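Residue numbers (my numbering): 36 to 320.
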């Protein structure tokens, strides 16, 4: 693995974060052969594209590992795909379209990686990533071994899996055959819907909170009168209340304060405890 000193703000869509002296780029699973050399840290964070992460402005004492394993292998006979964990989801969506495979249209608007999508069971428009996963290969940090596991062997649900202490290496997926015109139509409709309902501001990380079984986080936030509410350069979007937008010079501490203020407000008003979809990494004390 390539060890670099990196300013973490450059690795996330929010552009938040301090210095990390141990930022490892994983280009191939063979890079893990010498993992013992790096096994000296109390904390690891596995980073995808950084589209749902907010790092603290303080220096991160642990190690950040980012997969750059980017490939798509496709079997025409079975529709089975083997995907590198660093493969960009919009690229996968376009590849599926080129093969007339359906149900991957929702991936076009998710600016993440295959590994990240697996870890959090990413989804939208009624689709979820794990619905199309067969198995995946991963490096178990505890045992320091590469393993393969079937989807049926893990627990997962809405924006959740119990995949811990693991570096995702590759994912095996199957998508059904589809109608080319319908695929194109879905991609266009999903793209237009995002443009019409979600803010185009540069500094955000998509949905901040998960939806519940009987509520939408955005509706609760809007009904509580919190649209446009701002703390130190980070505000609740006027266009979509579950998106929090940061000014160029804002800090992650402001986002952290705003998230907790909104959580407390919603709990006080509706007796609902919102759960973050965004991940805070580092010291926010």
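By construction, the Cβ of each residue, glycine as well, lies at the ideal position given by its N, Cα and C atoms.
Keep in mind it's a predicted model, so treat the numbers as computed, not measured.
Could you spell out the range, first to last residue, of the alpha helix (DSSP H) harbouring residue i?
| i | result |
| --- | --- |
| residue 362 | Here the chain has residues from 36 to 320 only, and residue 362 is not among them. |
| residue 126 | 124-133 |
| residue 152 | 149-155 |
| residue 231 | 215-232 |
Less than 8 Å between the CB atoms is what I'm expecting for residue i and residue j, so what's the real figure, rounded?
| i | j | result |
| --- | --- | --- |
| residue 266 | residue 292 | 5 Å |
| residue 300 | residue 259 | 6 Å |
| residue 186 | residue 165 | 6 Å |
| residue 117 | residue 108 | 4 Å |
| residue 278 | residue 241 | 7 Å |
| residue 314 | residue 93 | Not quite, the Cβ-Cβ distance comes to about 16 Å (not below 8 Å), so this is no contact. |
| residue 290 | residue 51 | 7 Å |
| residue 285 | residue 263 | Residue 285 to residue 263, Cβ: 15 Å. No contact. |
In angstroms, rounded to a whole number, what distance separates the CA positions of residue i and residue j?
| i | j | result |
| --- | --- | --- |
| residue 294 | residue 244 | 9 Å |
| residue 276 | residue 256 | 6 Å |
| residue 280 | residue 270 | 5 Å |
| residue 148 | residue 156 | 11 Å |
| residue 196 | residue 120 | 16 Å |
| residue 72 | residue 44 | 26 Å |
| residue 251 | residue 233 | 15 Å |
| residue 160 | residue 141 | 7 Å |
| residue 174 | residue 38 | 18 Å |
| residue 112 | residue 177 | 37 Å |
| residue 115 | residue 210 | 7 Å |
| residue 288 | residue 136 | 43 Å |
| residue 68 | residue 180 | 9 Å |
Where does residue i sit, in a helix, a strand or coil, going by DSSP?
| i | result |
| --- | --- |
| residue 39 | strand |
| residue 167 | helix |
| residue 250 | coil |
| residue 188 | helix |
| residue 313 | coil |
| residue 322 | With the chain covering only 36 through 320, there is no way to say anything about residue 322. |
| residue 181 | strand |
| residue 79 | strand |
| residue 49 | coil |
| residue 92 | coil |
| residue 197 | coil |
How far does the beta strand (DSSP E) with residue i in it reach, from first residue to last?
| i | result |
| --- | --- |
| residue 207 | 201-209 |
| residue 99 | 98-102 |
| residue 54 | 54-61 |
| residue 118 | 115-119 |
Check your understanding: What runs of the alpha helix (DSSP H), each 4 residues or longer, lie entirely inside the segment 256-290?
Key -> none
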